[in-house]
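Visitor:
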Amino acid sequence: MDTQHQLTQTHTFLHLNENTRKFIFIICVALCLTPIVSPAIALLLGLAVAQLSGHPYLHLNHKATHLLLQVSVVGLGFGMNVHSAMQAGKEGVLFTIASISSTLLFGFLIGKWLKIEKKTSYLISNGTAICGGSAIAAISPVIKAEEKQISVALGCVFILNSIALFVFPVVGHYFNLSQTQFGLWCAIAIHDTSSVVGAASKYGAHALEVATTVKLARALWIVPIAFLSTFLFKNQSKKVAIPYFIGLFILAMIANTYMPVVKLISPYMVMIAKAGLTLTLFLIGAGLSRQVLASVGFKPLVQGVVLWILISVSALYAILHLV
-8 MDTQHQLTQT HTFLHLNENT RKFIFIICVA LCLTPIVSPA IALLLGLAVA QLSGHPYLHL
52 NHKATHLLLQ VSVVGLGFGM NVHSAMQAGK EGVLFTIASI SSTLLFGFLI GKWLKIEKKT
112 SYLISNGTAI CGGSAIAAIS PVIKAEEKQI SVALGCVFIL NSIALFVFPV VGHYFNLSQT
172 QFGLWCAIAI HDTSSVVGAA SKYGAHALEV ATTVKLARAL WIVPIAFLST FLFKNQSKKV
232 AIPYFIGLFI LAMIANTYMP VVKLISPYMV MIAKAGLTLT LFLIGAGLSR QVLASVGFKP
292 LVQGVVLWIL ISVSALYAIL HLV
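According to my numbering, the sequence shown is numbered sequentially starting from -8.
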């Protein structure tokens, strides 16, 4: 999604001059790159900045989060093993197929029932089913979505994403989920990769490995779904954005598994990647201004919440009884 799709942030609680806003923002960015700030705290810090002082670089926010997320995910690959990742992928493939197809079907039915504009409903459904903002950004040009439709879908997904980062670890501990179970549940039921990684990393190293692997395998579904969208919306002129960074993630995993020299630097690469993901969550929070929150509207938010509850509860039930 390009910068014109971002909503302008003008209303904040503190009326500060531009230099002060930039100073506050840069200090927060620096803090997020230290071990002091956890992913959850980074998100809260970003939300506080959005409401109080405002994001001074909002026009660059989407491109920055998009690039930073991809680079950080590739960095996480240096901390993973091919064999355990393949096992996690095998365990998650059936859950992935079942959850994506059911989410898209229920999203269509709920959108019809609530009489939500077709493209907005479709973007929310895909964002919930596949990988949040990345899916929305990839599919929106294919279906020729308008700025308002994209903003509503992104706002809805990011609001629920933020809640998931705090709720999922609590629920996971309540049901005494194993790290494998929790990693699978995160990858299936949390929208964005950044929040999946943030929640799973709080639960444990193996949960993070399972969650990241399954989530990225899930992200590959952007390609067939985008091709399908060209036919559903009768638009075959747009190119489909293929998530090439997943290939780099796989190469990083292979290098870490089979090249001893890479293992020497892997801990540092992973440490940098985790700092990058923490910063990504701060930037996502900083982009959720009052205008973005207000733009979502009641019916699209209801669709997003109902879909999210359906996929979360059904996935949790399946994982508790099948894994």
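Every residue, glycine too, gets a C-beta built ideally from N, C-alpha and C.
Where V65 and Y235 are concerned, what is the direct C-alpha to C-alpha distance, given to the nearest angstrom?
Guide: One alpha carbon belongs to V65, the other to Y235, and they sit about 11 Å apart.
Visitor: Just curious, the alpha helix (DSSP H) that K299 is in, first and last residue?
Guide: Before going further, note that residue 299 is Trp rather than Lys in the sequence given. Here the alpha helix (DSSP H) through W299 covers 289 to 313.
Visitor: Give the straight-line distance between the Cα atoms of M244 and V40, rounded to the nearest whole angstrom.
Guide: Just so you know, the alpha carbons of M244 and V40 end up roughly 36 Å apart.
Visitor: How would you write the range of the alpha helix (DSSP H) that F222 sits in, first residue to last?
Guide: 213 to 223
Visitor: Taking the straight line between their C-alpha atoms, what separation do you get for H(-4) and G146?
Guide: With a pLDDT of 40 at H(-4), under the threshold of 50, the modelled position of this residue cannot be trusted; read the value that follows with caution. So the two alpha carbons sit approximately 12 Å from each other.
Visitor: Give me the Cα-Cα distance between G70 and G174, rounded to the nearest whole angstrom.
Guide: If you take the alpha carbons of G70 and G174, they lie about 16 Å apart.
Visitor: For G295, is the classification buried or exposed, using 16 other Cβ atoms within 10 angstroms of its Cβ as the cut-off for buried?
Guide: Answer is buried; the Cβ neighbour count reaches 16.
Visitor: With a threshold of 6 Å on Cβ separation, who are the neighbours of L22 within its own chain once the five nearest residues in sequence on each side are excluded?
Guide: V28
Visitor: What alpha helix (DSSP H) runs, 4 residues minimum, are completely inside the segment 157 to 216?
Guide: 170 to 180, 184 to 194, 196 to 210
Visitor: What is the DSSP secondary structure of F4, reduced to helix, strand or coil?
Guide: coil
Visitor: Taking only three categories from DSSP, how would you classify S131?
Guide: Reduced to three states, the DSSP call for S131 is coil.
Visitor: For the candidate residues F166, G98, Y249, F86, whose alpha-carbon lies nearest to that of P291?
Guide: G98
Visitor: Would you mind working out which of I302, L307, A309 sits nearest L96, comparing C-alpha positions?
Guide: I302
Visitor: Going by CA-CA distance only, name the one from V252, A31, L270, E138 that's closest to A55.
Guide: L270
Visitor: Compare the beta carbon distance of G102 and G276 with 8 Å and say whether it is the shorter of the two.
Guide: no
Visitor: Give the range of the alpha helix (DSSP H) segment to which I17 is assigned.
Guide: 9 to 23
Visitor: Please tell me whether A31 and G189 are closer than 8 Å, where the distance is taken between their beta carbons.
Guide: yes
Visitor: Under DSSP, the alpha helix (DSSP H) around L274 begins and ends at which residues?
Guide: 251 to 277
Visitor: Helix or strand or just coil, what does DSSP make of G45?
Guide: coil
Visitor: What first and last residue would you give for the alpha helix (DSSP H) that runs through L284?
Guide: 281 to 286
Visitor: Give me the Cα-Cα distance between D(-7) and I154, rounded to the nearest whole angstrom.
Guide: Any answer about D(-7) is weak, because its pLDDT of 40 lies below 50 and its placement is not dependable; what the coordinates show is given next. Approximately 26 Å between the Cα atoms of the pair.
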